[in-house]
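Under the UniProt record's numbering, the first residue of the sequence shown carries the number 1, and numbering increases by one thereafter.
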Amino acid sequence: MQHLILLHGALGSDKQFQSLVQELDGTFQLHTFNLHGHGGLPLPSHTFSIELFSEQVARYIQDMNIEKANIFGYSMGGYIAMYLAKQMPDKINKIVTLATKFYWDEKTASKEVKLLDSKIIQEKLPAFATQLQQRHAPADWVAILDKTTELLLNLGKNNTLQLEDYNSITTPSLVLLGDRDKMVTLEETLAVYKQLPNALFGVLPGTPHIFEQVNVSLLAYLIKGFMK
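Printed below as a string of structure tokens:
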């Protein structure tokens with residue numbers, strides 16, 4: 001049975017994938033995964049970065065003796081999957097990304113970090129604040145916001161994967177985007193898709209960026225079909 005690692009996005013955790021796990025159970029040997037500082041894991045002393053998270057996943061693949069891993073990456077998880085495929089192509093079999101923001105510059109990063117103000121979240125989105133607290137306990141969700149802000153600002157200054165880097169990523173990939181995603185543009189997604197030598201592209205209808213609003217049955221169907 002093929003191994004499939006599920007990678008969450010920024011501010012996310014493996015808890016978000018419970019319904020997807022149910023849909024995929026029995027088809028893959030599933031590995032849910034929490035990145036450093038997420039889902040209750042302690043915050044690292046190091047700055048959040050794509051490299052840091054990728055090293056964590058690579059170590060997991062080695063420790064679990066996985067010869068070749070398939071990866072589903074949501075949002076930032078898809079970016080990490082692509083980075084891993086570039087750094088260790090012999091260990092990554094296939095990739096499916098959903099709602100991954102590939103393009104970063106300083107203007108884009110500044111816009112996104114405005115949404116990570118903990119005081120505004122607590123005042124205007126108390127339910128989301130509670131969700132973040134529960135998702136990451138006992139870690140401090142405000143500290144996670146601060147570290148994520150730093151990550152995005154650093155990506156804005158120096159995007160870890162430049163557009164030309166995708167030319168060398170030969171891992172078979174399915175790049176998915178929701179048609180109602182307000183964070184990730186069709187243009188940046190298509191630009192990466194066209195650079196990838198061995199990729200397919202798909203649009204999920206009626207789908208915003210938030211994973212909890214994704215049609216999980218449809219997503220699982222696409223993952224199964226691509227990974228077979």
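All C-beta atoms in this analysis are idealised placements derived from N, C-alpha and C, irrespective of residue type, glycine included.
Open item on the list: Just to confirm before moving on: does the CB-CB distance between Ser49 and Asn154 stay below 8 Å?
Closed with: Numbered from its first residue, the sequence shown carries residue 49 at position 49. Numbered from its first residue, the sequence shown carries residue 154 at position 154. In this structure, Asn154 lies closer than 8 Å to Ser49 by Cβ.
Task: Nearest-angstrom Cα separation, counted from Ala129 out to Met183 - done: As a first step, residue 183 is located in the sequence shown; it is residue number 183 there, counting from the start. As a first step, residue 129 is located in the sequence shown; it is residue number 129 there, counting from the start. Cα to Cα, the separation comes out at about 20 Å.
- [ ] Confirm, please, whether the CB-CB distance from Leu190 to Leu204 is below 8 Å.
- [x] Along the sequence shown, read from residue 1 onward, the residue named residue 204 stands at position 204. Along the sequence shown, read from residue 1 onward, the residue named residue 190 stands at position 190. With contacts defined as CB atoms closer than 8 Å, Leu204 and Leu190 fail to qualify as a contacting pair.
TODO: Find the nearest neighbour of Thr32 within the set Ser173, Phe226, Gln162 and His8, judged by alpha-carbon distance.
DONE: What you label residue 32 is simply residue 32 of the sequence shown in a count that begins at 1. Minimum Cα-Cα distance from Thr32 among the listed residues Ser173, Phe226, Gln162 and His8 corresponds to His8.
- [ ] Report back the beta-carbon spacing between Leu132 and Tyr166 to the nearest angstrom; my notes put them in contact at under 8 Å.
- [x] Sequence index remark: in the sequence shown, residue 132 carries index 132 (1-based). Sequence index remark: in the sequence shown, residue 166 carries index 166 (1-based). Actually they are not in contact, since the Cβ atoms of Leu132 and Tyr166 sit about 32 Å apart, beyond 8 Å.
- [ ] Could you say which of Ala127, Val113, Asn65 and Leu98 lies nearest to Ile80 if we only look at CA atoms?
- [x] Residue numbering aside, residue 80 sits at position 80 when the sequence shown is read from its first letter. Answer by Cα proximity: Leu98.
Task: Cβ neighbour criterion (16 or more within 10 Å) applied to Gln16 - done: Along the sequence shown, one-based indexing puts residue 16 at 16. Gln16 counts as buried, since no fewer than 16 other beta carbons sit within 10 angstroms of its beta carbon.
- [ ] In the DSSP assignment, find the unbroken alpha helix (DSSP H) run with Ala129 in it and report its ends.
- [x] As a first step, residue 129 is located in the sequence shown; it is residue number 129 there, counting from the start. It spans Pro126 to His136 - the alpha helix (DSSP H) in which Ala129 sits, taken as one unbroken run.
Open item on the list: Does the contact criterion of 3 or more C-beta pairs under 8 Å hold for the region 170 to 177 versus the region 42 to 59?
Closed with: Taking 8 Å as the limit for Cβ pairs, the verdict is that the region 42 to 59 does not touch the region 170 to 177.
Task: Expected contact under 8 Å - CB spacing of Met1 and Gln29 to nearest Å - done: Mapped onto the sequence shown, residue 1 falls at position 1. Mapped onto the sequence shown, residue 29 falls at position 29. Indeed they touch by this definition, with Cβ atoms about 5 Å apart.
TODO: For Asp25, write down the residues that DSSP places opposite it in a beta bridge.
DONE: Position 25 of the sequence shown, counted from the start, is the residue given in the question as residue 25. Asp25 is bridged by DSSP to Phe28.
Task: Where Ala139 sits in the DSSP three-state scheme - done: Within the sequence shown, residue 139 is the residue found at index 139, counting from 1. Three-state result, Ala139: coil.
Task: Sequence-distant residues of its chain with Cβ nearer than 8 Å to Asn198 (five each side left out) - done: Numbered from its first residue, the sequence shown carries residue 198 at position 198. Result list for Asn198: Thr170, Thr171, Pro172 and Ser173, in chain order.
Task: Where Gly9 sits in the DSSP three-state scheme - done: Here residue 9 is taken as the residue at index 9 of the sequence shown, counted from 1. Under the three-state reduction of DSSP output, Gly9 falls in the coil class, being neither helix nor strand.
TODO: Give the DSSP-derived three-state secondary structure of Thr97 in the structure shown.
DONE: Locating residue 97 in the sequence shown gives position 97, counting from the first residue. Strand.
Open item on the list: So, for Trp141: in the same chain, excluding its five sequence neighbours on each side, which residues have a beta-carbon less than 6 Å away from its beta-carbon?
Closed with: Counting from 1 along the sequence shown, the entry for residue 141 is found at position 141. Excluding positions up to five away in sequence, the list reads Leu132 and Gln133.
Task: Boundaries (first-last residue) of the beta strand (DSSP E) holding Ser173 - done: Here residue 173 is taken as the residue at index 173 of the sequence shown, counted from 1. For Ser173, the enclosing beta strand (DSSP E) has its first and last residue at Ser173 to Gly178.
Open item on the list: For Ala143, which residues in the same chain have their Cβ closer than 7 Å to its Cβ, ignoring the five residues on either side in sequence?
Closed with: Stepping through the sequence shown from its first residue, residue 143 is reached at position 143. Once the five neighbours on either side are set aside, the close Cβ partners of Ala143 are Leu43.
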